[in-house]
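S.K.: Residue numbering for the sequence shown follows UniProt numbering, beginning at 1 and increasing consecutively. We put the CB at the ideal spot given by N, CA and C, even for glycine. Please read all numbers here as calculations on a predicted model, not as lab measurements. Could you have a look at this structure, given as structure tokens, before my questions?
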Amino acid sequence: MTIYNFEVKDTKGELHSLREYEGKVVLIVNTASKCGFTPQFEGLQELYNKYADRGLVILGFPSSQFNNQEFENIDETTEFCQLNFGVTFPMFAKVDVNGDQADPLFRYLKEQKRGVLTRKIEWNFTKFLVDRQGQVVKRFAPTTTPAKCEEEIIKLL
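Structure below.
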């Protein structure tokens, strides 16, 4: 089992297989537009700009599970990310990352790499690093800035 076994919905509601990222280093992030960690979008975009040509892709999954810090309308989310942080990496439909309605991808990610005390995702901007074979190799806490993920990303590139 790898991330390539999953399909996710894009911002238009269309299903996409994560197999399209096969052979890439992937950083999967649950995001929110109205969170104290929202400025991390800038750092994520910097990583994407710097390493996309070497095979890095960042996948953003908006979520409102933590204090409802995401816009209701996904178009507002994508516009906010593009206008305020220049986001060009792929963004997907809003998902739940915990609970009974958790997206299957996030259930899988949490099974592969636990947090410090729990499997549960504790907050926005939890990051999962996936190698070129689709295996989850590292989980970063929301407080870990994108710049602090760079060393681990470079090892996989």
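Are three or more beta carbon pairs between the region 19-37 and the region 53-71 nearer than 8 Å?
M.R.: yes
S.K.: Considering Cα atoms alone, identify which of Q65, K138, L83, D100 is closest to K94.
M.R.: Q65
S.K.: Does the distance from the C-beta atom of L156 to that of R132 stay below 8 Å?
M.R.: yes
S.K.: Of the choices K127, I154, E151, D75, whose alpha-carbon is the least far from that of F41?
M.R.: K127
S.K.: Within its chain, find whatever has a CB closer than 7 Å to the CB of E152; leave out the 5 residues flanking it on each side and keep chain order.
M.R.: L129, K138
S.K.: Assuming T11 and Y48 make a contact with CB atoms under 8 Å, what is their CB distance in whole Å?
M.R.: Not a contact, Cβ separation roughly 17 Å.
S.K.: Check whether the region 12-20 and the region 138-147 are in contact - that is, three or more C-beta pairs closer than 8 Å.
M.R.: no
S.K.: On the criterion of 16 or more Cβ atoms from any shown chain inside 10 Å, does P142 qualify as buried, or is it exposed?
M.R.: Around the beta carbon of P142, a 10 Å sphere encloses 16 or more other beta carbons of the protein chains shown; the residue is thus reported as buried.
S.K.: Looking only at its own chain, which residues have a Cβ that is under 6 Å from the Cβ of Y4, when we skip the five neighbours before and after it?
M.R.: Here the set comprises L18, R19, E22, G134.
S.K.: According to DSSP, simplified to helix, strand and coil, what is R19?
M.R.: helix
S.K.: Rounded to whole angstroms, how far is the Cβ of K34 from the Cβ of Q69, which I believe are closer than 8 Å?
M.R.: Contact flag correct, Cβ pair sits at about 4 Å.
S.K.: Apart from the five residues on each side of it in sequence, which residues of its chain come closer than 6 Å, Cβ to Cβ, to W123?
M.R.: F66, P142
S.K.: Let me know if M1 comes out buried or exposed under the rule of 16 or more other beta-carbons within 10 Å of its beta-carbon.
M.R.: exposed
S.K.: For the alpha helix (DSSP H) holding N30, just list the boundary residues, first then last.
M.R.: Boundaries around N30 are those of the beta strand (DSSP E), 25-31, since no alpha helix (DSSP H) includes it.
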